[in-house]
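Shown next, in structure tokens, is the structure this report addresses.
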Amino acid sequence: MAPHQHNFSVGFMGLSASEHENYCRNPNDDIMPWCFTVKSTVGFQYCNIQECKKSDDCKITKTGSEYKGKQNRTRGGIPCQRWDTITPHKPDPDIGFPGATLSAQENFCRNPNKLKSVPWCYTVDPNVRWQTCGIPLCLNGKNAQ
């Protein structure tokens, strides 16, 4: 039995607190991750965990909805159309970037509203409406390729 009782049931990324074992976490949005200690006189301690390096040339999740890099060509090498223009392709009305404007996205590969399974863009080729961009997954903060 652990020396410290708690009532955390949220903040564990969809898992119960018990499924996270004794790893450092931040379920209460504290200043940094922490963990309960095994010492009855010390309730918890902050954990010195290095922050992952941000990489703009890869995506963190499979869908890449968080990708904010500057790749602006499709997997096939076609330049991307700006998100705020309607030629040669009129964007779907469902396209949106919460907290940002279409113009701020310029012509970079994105996956707005997770409309596709990976980052993509409308192309400047009138015969090809859109294509995926082939953004690789990040691995330990670095490009996985």
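Counting in the working numbering, the sequence shown runs from 245 upward without gaps.
Glycine included, C-beta positions come from ideal geometry on N, C-alpha and C.
Asked	Found
Within 7 Å, strictly: CB atoms of P356 and I330	no
Status (buried if at least 16 other CB within 10 Å, exposed otherwise) for V282	exposed
Where P380 falls: helix, strand or coil (DSSP)	coil
Counted within 10 angstroms of its Cβ, other Cβ atoms place K334 as buried (16 or more) or exposed	exposed
Simplified DSSP assignment, three categories, for P356	helix
For Q375, three-class secondary structure by DSSP	strand
Beta-carbon separation (whole angstroms), W364 vs C377, contact threshold 8 Å	6 Å
Nearest-angstrom Cα separation, counted from Q294 out to T285	27 Å
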